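Under this note's numbering, read the sequence shown as residues 23 to 454, first letter to last.
Let me begin by presenting the structure, written as structure tokens, before commenting on it.
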Amino acid sequence: MKKILIKTAITLASLFLLGISIYELNKLYYNSRERQQYVSDLAYSNNIRFGFLNVDKWKSTLSDIIIKKVDELEFDDNLKQTMHTQIEKALYELINQIEIYLNQDKRQGNWLTQAFKTVAYEIVFDSEKFKKQVPQWSDEIVKSIISESNKVELKDAILQKFNEFMDQTNSTDNVNIQEILATKYEFDNYDDCVTWLNEQNIELTTISWRRTWIILICITVVFVFYFLTPQNYRNGCQYYIGLLGVLTLLLGGLLTPMIEIDARISEVNFELLGESIVFYDQVLFFESKSVIDLVKILIEHGDVQTAAIGALVFTFSIIFPTLKLIVSVFAYPFPERIYRNKITRFFALKSGKWSMADVMVVAIFMSYIGFRSLIGSQLDHLSNIKELNMVSTHEHTVLQIGFFLFAAFCFSGIVFAYYVSKHLKQNGIESE
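As structure tokens, then:
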């Protein structure tokens, strides 16, 4: 009676913990998808082609600078003196050219016409007298130019010409991505939308990790109950509960993002026409994908070679582990049949060498280290450009929940494979 009660208590406790894990996994899936959408939208709106490399952005920035500089335009003493000198030079040149023309024209016609022109020109045009008046004329012209009315007209002319140049510059990205994002999430302005998305990202990240820890702890306790329970206290229900725990980890590893690659320039600023130009959070590259997402992209959007890689990943990292779990379902009640059939025996005892799930975990971890190193070194090269004051960050590239759940699946799969092999031995079948 005591033995039955202990078995029942362990089974019910394991079943309860498994139920919590499945419930949390369901919530985790939707939380991770929601967060994935938020961070992807944020990264897309901050993409460098909508900021630092966007023509419309530069048109707006340059317009603000030019308008400011034109408004600040003042004629100081140095500028007035320069204008005065240039105007004097132009007037002297004009008088000299008129004098040359008149001297040539006086020689045209008969002697009477020449005499009349000589007298008339000497009366009307006295070059020496005009040259003495040049400084006074220059002063009057400068005063006219710097008068308030003419200053306004000059500024308007400069801005008009600048706007004409800007209108001739077209952008290939003429979509206001910030306005689209704000409209999508029903906000009146982009800044409020970004604040809300960042808050949601932080909240969902915290919730997702809490759910992940609950899943890992619950399934770990299920395994502890099973493997530390004496053989005579175990039953088939506990075996299948443990198997469902392994399946839960596999689904979590496949359906939630495994790695988030985020290469961005957090700040870049430089001086242009005496004004500081600053761009923040310029995203160069961003991807947040689960294994299922990756396989789907490789197969649907790649060439033949890429699709083949996607098929291999799907086969050895998804199909093989799944078939191994299916065979494990029948290994407990029918160990002899499983062993006698070459296919089921392969998946029960040998498929672990071919599933490559553990290899993929190591590969993703090495890729994570490689991405951080590569992105960091490349952005550091950009930071060395003297004309730019650039602050680059690459800490945004992080391993995601799916990686740790998939790693937990690999470990639990190894443990369970060991138990299946042991179970076959206990039933008089020597596993290879």
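Note that the Cβ used here is the ideal one computed from N, Cα and C, for glycine as well.
Predicted model, so just to flag it, every value in this text is computed and none were measured.
One alpha carbon belongs to Ile199, the other to Val300, and they sit about 19 Å apart. Listed in chain order, the non-local C-beta contacts of Ile44 below 7 Å within the same chain comprise Thr270, local neighbours out to five positions each way being set aside. The C-alpha of Glu225 lies about 25 Å from the C-alpha of Leu39.
Apart from the 5 residues on each side of it in sequence, Thr278 sits with its Cβ closer than 6 Å to the Cβ of Ser54, Ser312, Ile423, Gly424 in its chain, given in chain order. A residue is called buried when at least 16 other Cβ atoms come within 10 angstroms of its Cβ; Asn69 meets this threshold and is buried. CA-to-CA, the gap between Ile229 and Ser67 works out to about 25 Å.
Pro343 places its beta carbon 8 Å or farther from that of Gly274. Residue pairing from DSSP places Phe308 in a beta bridge opposite Asp284. Rounded to the nearest whole angstrom, the CA to CA distance from Gln108 to Asp178 is 23 Å. Ala430 is positioned such that its CB atom lies no closer than 8 Å to that of Leu250.
Around the beta-carbon of Ser160, 16 or more other beta-carbon atoms lie within 10 Å, marking it buried. Taking C-beta separations shorter than 8 Å and ignoring five residues to either side along the sequence, the partners of Tyr60 in its chain run Leu219, Gln222, Asn223, Leu226, following chain order.
Annotation for Arg233: the continuous alpha helix (DSSP H) segment containing it runs 212–250. Less than 8 Å divides the Cβ of Ile42 from the Cβ of Ile236. Around the beta-carbon of Gln304, 16 or more other beta-carbon atoms lie within 10 Å, marking it buried. Out of Val268, Leu50, Tyr248, the CA that lies nearest to the CA of Ala31 is found in Tyr248. Between the alpha carbons of Ile87 and Gln58 lies a distance of about 38 Å. The bridge partners DSSP lists for Phe301 are Val290. Secondary structure at Asn363: coil, using DSSP grouped into helix, strand and coil.
CA-to-CA, the gap between Leu421 and Glu282 works out to about 6 Å.
Within its own chain, the residues whose Cβ lies closer than 7 Å to the Cβ of Leu203, once the five positions on either side in sequence are excluded, are Asp63, Ser67, Tyr212, Cys215, listed in chain order.
Just so you know, the alpha carbons of Val442 and Lys346 end up roughly 11 Å apart. Rounded to whole angstroms, the Cβ separation of Cys259 and Thr33 is 5 Å, and the two are in contact under 8 Å. Its chain contains Val317 as the residues whose beta carbon lies nearer than 6 Å to that of Val335, once the 5 sequence neighbours on both sides are disregarded; these appear in chain order. Between the C-alpha atoms of Phe152 and Asn100 there is a straight-line separation of about 26 Å. Leu113 sits away from Val164, with the two beta carbons spaced by 8 Å or more. When the beta-carbon positions are compared, Ile314 and Leu276 come within less than 8 Å of each other. Take Asn257, set aside five residues on each side of it, and the residues of its chain with a beta-carbon closer than 6 Å to its own are Lys29, in chain order. Inclusion of Leu265 and Val349 in the CB contact set at 8 Å is not warranted, their separation being larger than that value.
Its Cα nearest to that of Ser310, the residue Ala65 stands out among Ala65, Glu358, Ser36. In terms of Cβ geometry, Phe74 and Val290 form a close pair [threshold 8 Å]. For Ile365, the number of other beta carbons within 10 angstroms of its own is below 16, and it is reported as exposed. Just so you know, the alpha carbons of Ile263 and Glu208 end up roughly 45 Å apart. In the DSSP annotation of this structure, Phe356 is not part of any alpha helix (DSSP H), being labelled neither H nor E.
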